[in-house]
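J.: Protein chains in written order, with this note's numbering: chain A, 932 to 1275; chain B, 932 to 1275; chain C, 932 to 1275. Here you go, one structure.
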Amino acid sequence: MFIKNTWYVAGWDYELIDGALLARTILNEKILLYKGADNAVVAMEDRCCHRGAALSQGRLEGNCVRCMYHGLLFDNTGACVEIPGQESIPPSLKVRSYPVETVGRLVWIWMGDKALANKADIPEFEYLTNPEWHGMPGYMHYKSNYQLITDNLADINHIAYVHTNTLGGSENYIAEQTQTPMERLENGFKLTKYHLNSDLPPFVRKFVKHMPKVDRWNTVKMLVPGFFFLESGFSPVGNGIEKGNREGSISFRNFQAMTPESETTTHFFWVYMHNQREDVDQISRSLSASILEGFYEDKAIIEKQQEVLDADPAFPLRAIAADAALSHLRWVVDQKIKKERAAA
Amino acid sequence: MFIKNTWYVAGWDYELIDGALLARTILNEKILLYKGADNAVVAMEDRCCHRGAALSQGRLEGNCVRCMYHGLLFDNTGACVEIPGQESIPPSLKVRSYPVETVGRLVWIWMGDKALANKADIPEFEYLTNPEWHGMPGYMHYKSNYQLITDNLADINHIAYVHTNTLGGSENYIAEQTQTPMERLENGFKLTKYHLNSDLPPFVRKFVKHMPKVDRWNTVKMLVPGFFFLESGFSPVGNGIEKGNREGSISFRNFQAMTPESETTTHFFWVYMHNQREDVDQISRSLSASILEGFYEDKAIIEKQQEVLDADPAFPLRAIAADAALSHLRWVVDQKIKKERAAA
Amino acid sequence: MFIKNTWYVAGWDYELIDGALLARTILNEKILLYKGADNAVVAMEDRCCHRGAALSQGRLEGNCVRCMYHGLLFDNTGACVEIPGQESIPPSLKVRSYPVETVGRLVWIWMGDKALANKADIPEFEYLTNPEWHGMPGYMHYKSNYQLITDNLADINHIAYVHTNTLGGSENYIAEQTQTPMERLENGFKLTKYHLNSDLPPFVRKFVKHMPKVDRWNTVKMLVPGFFFLESGFSPVGNGIEKGNREGSISFRNFQAMTPESETTTHFFWVYMHNQREDVDQISRSLSASILEGFYEDKAIIEKQQEVLDADPAFPLRAIAADAALSHLRWVVDQKIKKERAAA
């Protein structure tokens, strides 16, 4: 069960260069993504309407794609425009196409009712196109439901135990951090956590040498179905980050998007960005490697968690106080699914 | 759902030399095939009637096979003839045996009612035992239903797009070819396609250098459940192949047999033969390698097609004009299955 | 369907040294096994009650284990004793713990009603802690139901065909052996087989050179659900082993325990022991390697048998005379399961 009338990330724009025919399953539907000669991105059913051959094994021809089984040609709306050896083409010979947009270096797809698709609703991560911010786009395939990943992100206290030696830095993070009240948004939530007079976490210590002790902040915004926006920073101790003073600090921007492939697998897109002016590429690479190390720590736990939950679907989860944000997110998702079902 | 009262290819005769106990699943039934001391081929259930051990893990003893778990010995009719440590043998201790014949270097098995098995019904491919014709027997395991393979063969126009650079030669094949009306047979169909003034396809160009342009013909006969007989030839341009003149031409004989292993997997047997008198083995090897290259092109499309169809069993296929032959074949199969069911 | 109110082997004691958190699925339940600072073995659900993370990915802290996802700490009764960042702990936050005992170098677990667990019911194999007996503990993972393995052991005549060249020695074993009547036990059976004037089997010939011909005996005791106790010996010919004379003989003790992992997979623990006084370790290693060679012969047949049975659940097995012991064992198991169900 997924929200259908919403934008999902289908891929990075770089995945479609050079005439690629990208096959990707999204919400259990097999999708073909490509960029035609007119430079517009196309998303259509990856299944020829004739005998079910995969169009991603076909050939790009201008703005069209040709099925390389019997040669049927489809335009970028999914209509069949040529059948070799046959003159008339019945209008039933077409494949489904999907609304698709490129915003912020990401390709976005709308899996629901076309009439409701509105480009303005795409939750853009503005730093991706800001020339002052730098980072390497990442992709991971997860063997878990997307909500086990959003659960994980909704309580960043997990950095204390999961990421002690990578992204966190101290098991005392949970006890020592303070946080603003969670701001409930219509589509998610927002909150900031402070950790004063803390050590720099390992992933930043690799290239920041002048601040042994810091005041740390993490401003998290999450939106359903699966978007995570983070502003993270480290300031000289005592500057007053709680009052908004960012002077002398070093900060990062992080975006993560989870797109369901199936009920038990997920496409995970992410980027971690910095605005340093020297050693720009070296720092991007260091961050990318560090974050990946941390993400593999998450992946090991979450994929095992999926396996445990699958083994006993009747297992009742027990909430703790720190679950407020994840509970809110799951509640919003459930409401949206109910609403879609009622309308249908 | 398969036709049961029909002959299927169970293997090549060379697979049973040297006392091999060959395990092969056919129509979802586990079968043991072997050649006893009397040189007769035997096909029986590959499952000891005692505790279900696989007889293919046993030992050939004369015309019998011994289960190497507890030592029960079965003769070539499937009857248990020895239980170590036990004097009397209840007649219920037997395994099922199947009618089996060796015809044309192929081992044929009858999976249905024994009383209906008639050796004369085996669709022999006479060239396999004709000393003037040469070719290498081939086997492939397919992850698809056998009918997706017969569909493919029923419209050889697919050589235009799938095999352009191997067995086909030109994407214009479909537009430029002409064909005789399909002759509907009780058990299949027959037709001939002509492609005049065409280029030699890549697989023939490898060893035929003296005919840059040719008139090409393909005479296809297909029989249910899954047999494909092809006479294929290339004549000097303008000789009149449509009128049956084969003078100066080079021609080939091709046989393909598809035997269901399960609903989604298939045993695929094939041979591609020539009657050249020089470089006989070199040409056989060249043809075998070229055809295999083409068959891997089919396999990639068809196995993906199976995957696509499995993902959405409700998907409605849309026919095109070129589907006449495959539709006829599928109709014949359906009629036969219905008739068998009605009789049962 | 398994007997629940009974002791199963969960592991060897050596598997829990050095603070290991051992994850093992038993009767389809995911279990965590460890030895706390107090040296007592603990068995608990391998699933955090909060979000289902695997506790075996956690950290041992004294007698407790900490979930390394959000830091919840559980004591050795399964009670949650710490939630980082939260003061009060609802009593519902606990994981299930299981009665567990270490007896005879083996860790035993009780999967049923705790109130019925009685350490005295553990079927100890006394030789494991007897300093005069030596052997190497073994473990194998089986892709079969545990009863296909107990079936195999219940008729040791299978050594004639399965283990001719390893543990058996002669295909005539079945014809030439004699046996005492099977003694039906409440929980299993017991019997002795004699094979007079036989050759030493290959696994003994490796280190016993002075007895070319021997009288052999095998005293088998089996208990449900899956325990096999064997006293095996080889005497100078004509000493009168049937009357109990063991003089001048060499003998072995063998224990095998089968613990269901799932309906189609099994944990298999075993040890083969000798009481020689010279070359002690060499003989232990030789025996371990020989027995393992034989066990792989069993495994090949039994795992294939599982595959054959899975393919056709309606297949009716046909009993032979040698099945008396296995039939009795299966009957005892069925009775116990029925009794447990009736009580529930």
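In this text, a Cβ means the ideal position worked out from N, Cα and C, and glycines have one as well.
1. Give a yes or no on whether the minimum CB-CB distance between lysine 961/C and chain A is below 8 angstroms.
2. In chain order, which continuous runs of the beta strand (DSSP E) of length 3 or greater are located wholly inside the stretch 1088-1143 of chain B?
3. Going by other Cβ atoms of all chains shown within 10 Å of its Cβ, with 16 needed for buried, is valine 1093/A buried or exposed?
4. Examine chain C for any beta-carbon lying closer than 8 angstroms to the beta-carbon of histidine 1259/A, and answer yes or no.
5. Taking 8 angstroms as the CB-CB limit, is histidine 931/B close to chain A?
6. Between glycine 1069/A and glutamate 1055/A, is the Cβ-Cβ spacing less than 8 angstroms?
7. Just to check my reading of the structure: histidine 981/A and isoleucine 1251/B have Cβ atoms closer than 8 angstroms, yes? What is that Cβ distance to the nearest angstrom?
8. Looking at the secondary structure, which residues open and close the alpha helix (DSSP H) in which tryptophan 1262/B lies?
9. Taking proline 1167/C as the reference, give the member of Val1145/C, Ile1214/C and Arg955/C with the closest Cα.
10. Can you check whether the CB of alanine 1188/C is closer than 8 angstroms to the CB of glycine 1169/C?
11. Residues of the stretch 1237-1258 of chain A in Cβ contact with chain C at a cutoff of 7 angstroms, in chain order, please.
12. Is histidine 1065/C buried or exposed, if buried means 16 or more other CB atoms sit within 10 Å of its CB?
13. Let me know the beta strand (DSSP E) ranges lying completely inside the stretch 941-998 of chain B, each 3 residues or longer, listed in chain order.
14. Under 8 angstroms, Cβ to Cβ, is there at least one residue of chain A near tyrosine 1092/B?
15. Can you give me the C-alpha to C-alpha distance between glycine 1171/B and leucine 947/B, rounded to a whole angstrom?
16. Answer yes or no: do glutamine 1282/C and arginine 1261/C have a C-beta to C-beta separation smaller than 8 angstroms?
17. Please determine, among Arg1216/B, Glu1224/B and Asp1052/B, the residue with the shortest C-alpha to C-alpha distance to isoleucine 1090/B.
18. Assuming asparagine 1007/C and cysteine 995/C form a contact by the criterion Cβ under 8 angstroms, report the distance between their Cβ atoms to the nearest whole angstrom.
19. Provide the residue(s) that pair with threonine 1197/B in DSSP beta bridges, ordered along the chain.
20. Could you check the C-alpha separation between alanine 984/A and lysine 1269/C for me, to the nearest Å?
21. Taking 8 angstroms as the threshold (beta carbon to beta carbon), is lysine 1235/C in contact with chain B?
22. For a contact meaning CB atoms closer than 9 angstroms, what does isoleucine 1232/C contact in chain B?
23. Locate the alpha helix (DSSP H) running through leucine 1240/C, then write down its first and last residues.
24. At the level of alpha carbons, what is the spacing between proline 1112/C and serine 1163/C?
25. Specify whether the stretch 932-945 of chain C and the stretch 1036-1049 of chain C touch according to this definition: at least 3 beta carbon pairs, one from each stretch, less than 8 angstroms apart.
26. Compare the Cα-Cα distances from tyrosine 965/A to each of Arg1216/A, Ser987/A, Leu958/A and Arg978/A and report the closest residue.
27. Pull up the distance between the alpha-carbon of asparagine 1185/A and that of aspartate 977/C, whole angstroms please.
28. Check for me: the beta strand (DSSP E) holding threonine 1033/A runs from which residue to which?
29. Mind listing the chain C neighbours of isoleucine 1105/A? Cutoff is C-beta to C-beta under 7 angstroms, in chain order.
30. Return yes when the Cβ of tryptophan 1148/A is within less than 8 angstroms of the Cβ of lysine 1124/A, no when it is not.
31. Name the DSSP beta bridge partners of alanine 1048/A, please?
32. Where does glutamine 1207/C sit, in a helix, a strand or coil, going by DSSP?
33. Look up glutamate 1018/B in the DSSP assignment and give the residues it is bridged to.
34. In whole angstroms, what separates the C-alpha of lysine 886/B from that of arginine 1115/B?
35. Look at the alpha carbon of methionine 932/A and the alpha carbon of glutamate 1192/A, and state the distance between them as a whole number of angstroms.
36. DSSP three-state label for asparagine 1170/B, please.
T.: With the given structure in hand:
1. yes
2. As far as the stretch 1088-1143 of chain B is concerned, its whole beta strand (DSSP E) runs of at least 3 residues are 1114-1116 and 1119-1130.
3. buried
4. no
5. Lying outside 932 to 1275, the shown extent of chain B, residue 931/B is not represented and no answer is given.
6. no
7. 6 angstroms between Cβ atoms; contact.
8. 1255-1274
9. Val1145/C
10. no
11. Of all residues in the stretch 1237-1258 of chain A, Val1239, Leu1240, Ala1242, Phe1246, Leu1248, Arg1249, Ile1251, Ala1252 and Ala1253 have a Cβ within less than 7 angstroms of some Cβ in chain C.
12. buried
13. DSSP runs (the beta strand (DSSP E)) wholly in the stretch 941-998 of chain B: 953-957, 960-966, 972-976, 990-992 and 995-997.
14. Interface with chain A (8 angstroms Cβ-Cβ cutoff): tyrosine 1092/B is included.
15. 45 angstroms
16. The first residue shown for chain C is 932 and the last is 1275, placing residue 1282/C beyond what the model contains.
17. Glu1224/B
18. That pair is a contact at about 7 angstroms.
19. Tyr1073/B and Pro1191/B.
20. 52 angstroms
21. yes
22. Within 9 angstroms Cβ-Cβ: Ala984, Ala985, Gln988, Met999 and Tyr1000.
23. 1211-1242
24. 17 angstroms
25. yes
26. Ser987/A
27. 33 angstroms
28. 1031-1034
29. Counting only Cβ-Cβ distances below 7 angstroms, isoleucine 1105/A has contacts in chain C at Gly1002, Pro1015 and Gly1016, in chain order.
30. In this structure, lysine 1124/A sits near tryptophan 1148/A, with a CB-CB distance shorter than 8 angstroms.
31. Note: alanine 1048/A sits in no beta bridge, so no partner.
32. coil
33. In DSSP, glutamate 1018/B forms no bridge with anything.
34. For chain B, the structure presents residues 932 to 1275; residue 886/B sits outside this window and is missing.
35. Our two residues, methionine 932/A and glutamate 1192/A, have alpha carbons roughly 12 angstroms apart in a direct line.
36. coil
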